[in-house]
Amino acid sequence: MKIGEKVIHLPTCSSTNDVLRELAEQGEEDGVVVLAEEQTAGRGTKGRSWFSPRGKGLYLSVLLRPERESALFPLMAGVAVAEAIAEEYSLWVRLRWPNDLIWEAKKLGGILCESSFAGRKLSYVIIGIGLNLNQLEKDFPVPLRKTAVSLKMILQRDFLPEFVAGKIFTSLSRWYNIFQAGGDEQILKTVETLNVFQPGDEIAFTSKQGQVRGQFLGLDRYGRLVVRAQDIIRTFTSGEVLSPVSCLAPGEEGES
Ligand code: BTN
Numbered sequence: 013m014k015i016g017e018k019v020i021h022l023p024t025c026s027s028t029n030d031v032l033r034e035l036a037e038q039g040e041e042d043g044v045v046v047l048a049e050e051q052t053a054g055r056g057t058k059g060r061s062w063f064s065p066r067g068k069g070l071y072l073s074v075l076l077r078p079e080r081e082s083a084l085f086p087l088m089a090g091v092a093v094a095e096a097i098a099e100e101y102s103l104w105v106r107l108r109w110p111n112d113l114i115w116e117a118k119k120l121g122g123i124l125c126e127s128s129f130a131g132r133k134l135s136y137v138i139i140g141i142g143l144n145l146n147q148l149e150k151d152f153p154v155p156l157r158k159t160a161v162s163l164k165m166i167l168q169r170d171f172l173p174e175f176v177a178g179k180i181f182t183s184l185s186r187w188y189n190i191f192q193a194g195g196d197e198q199i200l201k202t203v204e205t206l207n208v209f210q211p212g213d214e215i216a217f218t219s220k221q222g223q224v225r226g227q228f229l230g231l232d233r234y235g236r237l238v239v240r241a242q243d244i245i246r247t248f249t250s251g252e253v254l255s256p257v258s259c260l261a262p263g264e265e266g267e268s
């Protein structure tokens, strides 16, 4: 099935990823989407919650049943969303490896990918996409006001979630086809172009092992972050890049 050919619209739900997981377990097909007007328990990466008030954002999850597992799924989804926004609104949103959609150092959206296995075989992947559409600064909880942005704050107009979702389905289908055809390199190249930090940049980075500061060298062929820290080259599959160090505000350096 094409991505978005079947969209299950919900006025409310806990988390579109959780609803879609139940449907996937019941055998729903590749390409099915759950789109909610609000989420009562929206989830972000690293166990965080995702602020999901009614009518303000786009909250959707896409079910994929690819042949192989890959760390490229969140990157592929990020590229697809950025490209959809660029094509429709001439707005060039950046990525912040591995999950964030960024506009001028503020977070416009994020991706939460969750894979499920039967033994060692991949059964399905759920790609959760959250995009801030119609919030004004005052609509965000106080702690997010300095770091979050919406399409409305950038373009001074309202956005229909279903319309934006349709554009994302088209773009995501294109990138998923590229992935299925083995186009990992094309995805990685596009991520590197759109990424907010570039090879050679000093980055501050929080990994499972704690805070790392080092020079970003690039992404390897698995989409892992390659960093030189204290003359040792290390690769990371997940984590959070705080910023290129050069972009941190005074006093922000080294904070997690
Ligand atoms: C992040 O932390 O940046 C990822 C945020 C992902 C949010 C989306 S909203 C739709 C889907 N359902 C969820 O509960 N989370 C994702």
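Residue numbering for the sequence shown follows our numbering, beginning at 13 and increasing consecutively.
Backbone N, C-alpha and C define an ideal beta-carbon position, used for all residues, glycine too.
Quick caveat: nothing in here was measured; it's all calculated off a predicted structure.
The beta carbon of glutamate 49 is closer than 6 Å to those of Pro23 and Arg66 in its chain, skipping five residues each way along the sequence.
Collapsing the DSSP output to three states places glutamine 198 in a helix.
The beta-carbon separation of leucine 134 and serine 127, rounded to 6 Å, stays under the 8 Å limit for a contact. One alpha carbon belongs to asparagine 189, the other to proline 110, and they sit about 20 Å apart. Taking a 10 Å sphere around the C-beta of valine 154, we find fewer than 16 other C-beta atoms and assign the residue as exposed.
Sequence-distant partners of proline 211 (beyond 5 residues in either direction) whose C-beta falls short of 7 Å from its own C-beta, in its chain, are Phe228, Leu229 and Gly230. In this chain, aspartate 42 is not harboured by any beta strand (DSSP E), its DSSP state being neither H nor E.
Residue pairing by DSSP places tryptophan 187 opposite no residue, since no beta bridge is assigned to it. Exclusion of threonine 159 from the 7 Å shell around the ligand BTN follows from its C-beta lying no nearer than that to any non-hydrogen atom of the ligand. By a beta-carbon distance limit of 8 Å, alanine 83 contacts glycine 235. Their separation comes to about 4 Å. The beta carbons of leucine 143 and leucine 70 sit closer together than 8 Å. Boundaries of the beta strand (DSSP E) around alanine 130: 118-130. Judged by DSSP in its simplified three-state form, threonine 247 adopts strand. Nearest C-alpha to alanine 89 among Met165, Leu124 and Glu100: Leu124.
With contact defined as three or more Cβ pairs closer than 8 Å, the stretch 200-208 and the stretch 97-115 are in contact. Its Cα nearest to that of threonine 249, the residue Pro86 stands out among Cys25, Pro86, Ala53 and Ile15. For isoleucine 166, same chain residues with a beta-carbon under 7 Å away, outside a window of 5 residues either side, are Leu103 and Trp115 in chain order. Here leucine 47 really is in contact with proline 173; their C-beta atoms are around 7 Å apart, less than 8 Å. Isoleucine 15 sits in coil when the DSSP states are folded into three classes, being neither helix nor strand. Membership of glutamate 99 in any beta strand (DSSP E) is not indicated; the residue belongs instead to the alpha helix (DSSP H) covering 85-101.
DSSP, reduced to helix, strand and coil, places aspartate 151 within a helical segment of the structure shown.
Close CB contacts of leucine 145 within its chain, under the 7 Å cut and outside five residues either way in sequence, are with Lys68, Gly69, Leu70, Ser162, Leu163, Lys164, Phe171, Pro173 and Val176 (chain order).
With a threshold of 7 Å, the Cβ atom of tyrosine 136 does not count as near the ligand BTN, since no heavy atom of the ligand is closer than that.
Straight-line measurement puts the Cα of threonine 57 at about 14 Å from the Cα of serine 64. In chain order, Ala216 place their CB closer than 6 Å to the CB of leucine 254, counting only its own chain and leaving out the 5 sequence neighbours on each side. In this chain, leucine 156 is not harboured by any alpha helix (DSSP H), its DSSP state being neither H nor E.
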